[in-house]
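Undergrad: Residue 446 in numbering that gives the first Met the number 0 sits at position 447 of the sequence shown, with consecutive numbering throughout. Think of the CB as a built atom: it goes at the ideal place given N, C-alpha and C, for glycine as much as any other residue.
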Amino acid sequence: MMERLANRILLTTGWKRALLAFCAGAFAVLGQPPFQLFIVCFISFPILVWMLDGAVARPTRSLFAAMWPAFATGWWFGFGYFIAGLWWIGNALFVEADQFVWLWPFAVTLIPAVLALFYGLAAVVARLLWSDGIGRIAALALGFGLAEWLRSFAFTGFPWNAVGYAAMPVPVLMQSASLVGIYGVNALAVFVFCLPAAFAGGRRQAGFAALSVIALLGAHVGYGYWRLENAADIAVDAPLVRIVQPAIDQSEKWDAAIRDEIFKTLLDLTLEAGTGGKRPDIIVWPETSVPYLLTEAPQAVAAIAETLVPGQLLLAGAARGGEADPSTGQRTYYNSILVLDGDGVIVDAADKKHLVPFGEYLPFKALLEKLGMKAIAAADRGYSAAERRRTMTLPNGMVVLPSVCYEAIFPYAVAASGDKPTVLVNVTNDAWYGDTPGPYQHAHQARIRALETGLPIVRAANNGISAVYDPYGRQLDALGYGVRGAVEAPLPDSLAATWYARNGRLTLSAILAFFALAAIAGRVRGRNRH
0 MMERLANRIL
10 LTTGWKRALL
20 AFCAGAFAVL
30 GQPPFQLFIV
40 CFISFPILVW
50 MLDGAVARPT
60 RSLFAAMWPA
70 FATGWWFGFG
80 YFIAGLWWIG
90 NALFVEADQF
100 VWLWPFAVTL
110 IPAVLALFYG
120 LAAVVARLLW
130 SDGIGRIAAL
140 ALGFGLAEWL
150 RSFAFTGFPW
160 NAVGYAAMPV
170 PVLMQSASLV
180 GIYGVNALAV
190 FVFCLPAAFA
200 GGRRQAGFAA
210 LSVIALLGAH
220 VGYGYWRLEN
230 AADIAVDAPL
240 VRIVQPAIDQ
250 SEKWDAAIRD
260 EIFKTLLDLT
270 LEAGTGGKRP
280 DIIVWPETSV
290 PYLLTEAPQA
300 VAAIAETLVP
310 GQLLLAGAAR
320 GGEADPSTGQ
330 RTYYNSILVL
340 DGDGVIVDAA
350 DKKHLVPFGE
360 YLPFKALLEK
370 LGMKAIAAAD
380 RGYSAAERRR
390 TMTLPNGMVV
400 LPSVCYEAIF
410 PYAVAASGDK
420 PTVLVNVTND
430 AWYGDTPGPY
440 QHAHQARIRA
450 LETGLPIVRA
460 ANNGISAVYD
470 PYGRQLDALG
480 YGVRGAVEAP
490 LPDSLAATWY
500 ARNGRLTLSA
510 ILAFFALAAI
520 AGRVRGRNRH
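Printed below as a string of structure tokens:
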């Protein structure tokens, strides 16, 4: 039955082939949050393998023509995957619909179309090393491992919904990230997800595939259980952190008529009585939560000073005004995290380094401004990027590695200059996207950074998902989407640097090299047998 199914899929042509690849990719998105049904990937990826079995061009001397069927198959798979996984991006364009709604069809199709190029490339890499056995599955794991790594920096980088996140839905299945990181998990996950395709290749292939699935899944689960069983407890004197989630509607966020009311909401939630009668040591406000430029609003700083008590610290997401550009005379602005002490003194600040193209700044600005375009999330001013990422050492000795918004989805971005960090702090404003899969996907990806670094992460969102995760990825407390309130949790100690934090690039290279050698061996063996 598996062989008949594989043959039917292999022989599809024309629009039916494109539609099948598109649907297989779209189906795989159910493995991502908020659904996290990773079992669907054991259906989608074998379909992709069988389709690539049939991605053969007519005899030609042109490598491009020979690889086109494989590229088209991978591209359609990726297009379905990213359309189904990123459609919610278009919601941001309805906040100021009179200006941006016309961009909606372009946003929800062009971004997936560009990202699908990487999966087309993955298919081409795999097809160059293709064989008729398990080796072709290793080739596809190699292709996807390379493609997901490239997706992290090409075109400024956007590694959203990397395949490996589907293999880590719960803490016991997240621990492998401490060894190989998301990029290593990507390649390994694709290999495992594709193995059911081998059940159509005879008893020998089926037996090897079954043993491989059992061994790799057993190691994945077993290591997770072992690591959690030996997890350290939270110290009784751990600092208490409070996250404020104001749940301000995005359409009202910059309304000057109600900004005092918004600011009062932040102060009230900061003062709200917590559990156990203990005042929090650290309060975190989400991205651009302060409706003023704090450095130019002494009345707001005074109100914060009245709200905090000596010893308390506030980490507030806020826009920060910089100096005017000498060449243009235009003032620069930064998307920042400000640290204020109990006296209302701004003791430190960190600016966002990795800005969102078309959201916080406009690429090809001179050209696109003539066409009437502007950055969607930065009003008329636009934001400037920080020169570098840096840690912030708080007065209480804690060392914070800050990230703003989607900076948290970049694993290598957790490296920064300064002292060794003891906690990750991510502030974001996911209210742009409404109650869609977007905020849940974002929170899950930020959560994996804790596993990779061995650091707890405090995540403050304007409107969900605000949470504290320990270095093992366990959720200590959280507020869901649409909830206005505050959540508190003791802050766990950081762990010693994980294997991935120390050897991430080396480990990824070793995994990709292993799959490359396995694919080459399978191809050579297939030719010799033929």
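Are the beta-carbon atoms belonging to ALA17 and GLY77 less than 8 Å from one another?
TA: no
Undergrad: To which residues does DSSP link ARG241 through a beta bridge?
TA: ILE282 and GLU487
Undergrad: Taking the DSSP output, what are the residues bridged to ALA318?
TA: ASN334
Undergrad: Whose C-beta lies closer than 6 Å to the C-beta of VAL94 among residues of the same chain, with five residues either side of it excluded?
TA: GLN249 and SER250
Undergrad: Suppose you measure from the CA of VAL48 to the CA of PHE514; what does that come to, to the nearest Å?
TA: Each residue's Cα considered, the two are about 16 Å apart.
Undergrad: How is the beta strand (DSSP E) around LEU475 delimited, first residue to last?
TA: Counting along the chain, the unbroken beta strand (DSSP E) around LEU475 starts and ends at 474-478.
Undergrad: Do you know offhand how far LEU128's Cα is from MET50's?
TA: Approximately 15 Å between the Cα atoms of the pair.
Undergrad: Classify MET173 as buried or exposed, calling it buried when 16 or more other Cβ atoms lie within 10 Å of its own Cβ.
TA: Sixteen is the threshold: when 16 or more other Cβ atoms of the shown chains lie within 10 Å of the Cβ of MET173, as they do, the residue is buried.
Undergrad: So the beta strand (DSSP E) ALA459 belongs to, where does it begin and stop?
TA: 456-460
Undergrad: Cutting at 6 Å between CB atoms, please list the residues of its own chain near ALA533, excluding the five before and the five after it.
TA: Within the shown structure, residues of the chain are numbered from 0 to 529, placing residue 533 beyond reach of any answer.
Undergrad: Rounded to whole angstroms, what is the Cα-Cα separation between PHE105 and ALA83?
TA: 15 Å
Undergrad: Using 8 Å for Cβ pairs, my map puts LEU92 next to LEU85. What's the rounded Cβ distance?
TA: Contact doesn't hold; Cβ gap of about 13 Å is too wide.
Undergrad: In the DSSP assignment, what are the bridge partners of ILE345?
TA: LEU339
Undergrad: Just to confirm, is the Cβ distance from VAL467 to ALA495 under 8 Å?
TA: no
Undergrad: Can you tell which of SER177, ASP131, TYR80 and GLY89 has the C-alpha that lies nearest to the C-alpha of LEU112?
TA: It should be pointed out that residue 112 corresponds to Ala in this sequence rather than to Leu. Closest option to ALA112, Cα to Cα, is TYR80.
Undergrad: Within 8 Å, do at least three Cβ pairs link the stretch 446-456 to the stretch 172-191?
TA: yes
Undergrad: Looking only at its own chain, which residues have a Cβ that is under 7 Å from the Cβ of TYR224, when we skip the five neighbours before and after it?
TA: VAL171
Undergrad: Grouping DSSP H, G and I as helix and E and B as strand, with all else coil, what is VAL171?
TA: VAL171 falls in the helix class under three-state DSSP.
Undergrad: Report the option in LEU215, SER61 and MET66 whose CA atom is closest to the CA atom of ALA54.
TA: MET66
Undergrad: Between which residues of its own chain and ARG258 is the CB-CB distance below 8 Å, once the five residues before and five after are set aside?
TA: PRO290 and TYR291
Undergrad: My assumption, with CB atoms under 8 Å, is that GLY163 sits in contact with ALA122. Please give the rounded CB distance.
TA: Contact between GLY163 and ALA122 does not hold, since their C-beta atoms are separated by about 18 Å, which reaches or exceeds 8 Å.
Undergrad: Are the stretch 316-323 and the stretch 292-304 touching, with three or more C-beta to C-beta distances below 8 Å?
TA: yes
Undergrad: Answer yes if the stretch 139-147 comes into contact with the stretch 455-471, meaning at least three C-beta pairs across the two stretches below 8 Å, and no otherwise.
TA: Too few Cβ pairs lie closer than 8 Å, so no.
Undergrad: Assuming the contact rule is C-beta atoms closer than 8 Å, LEU120 and ALA146 should be a hit. Round their C-beta distance to whole Å, please.
TA: Between LEU120 and ALA146 a beta carbon distance of about 5 Å is seen, short of the 8 Å cut, so the two are scored as contacting.
Undergrad: Would you identify the three-state DSSP class for SER61, choosing helix, strand or coil?
TA: coil
Undergrad: I need the boundaries of the alpha helix (DSSP H) containing ASN6, first residue and last residue.
TA: 1-9
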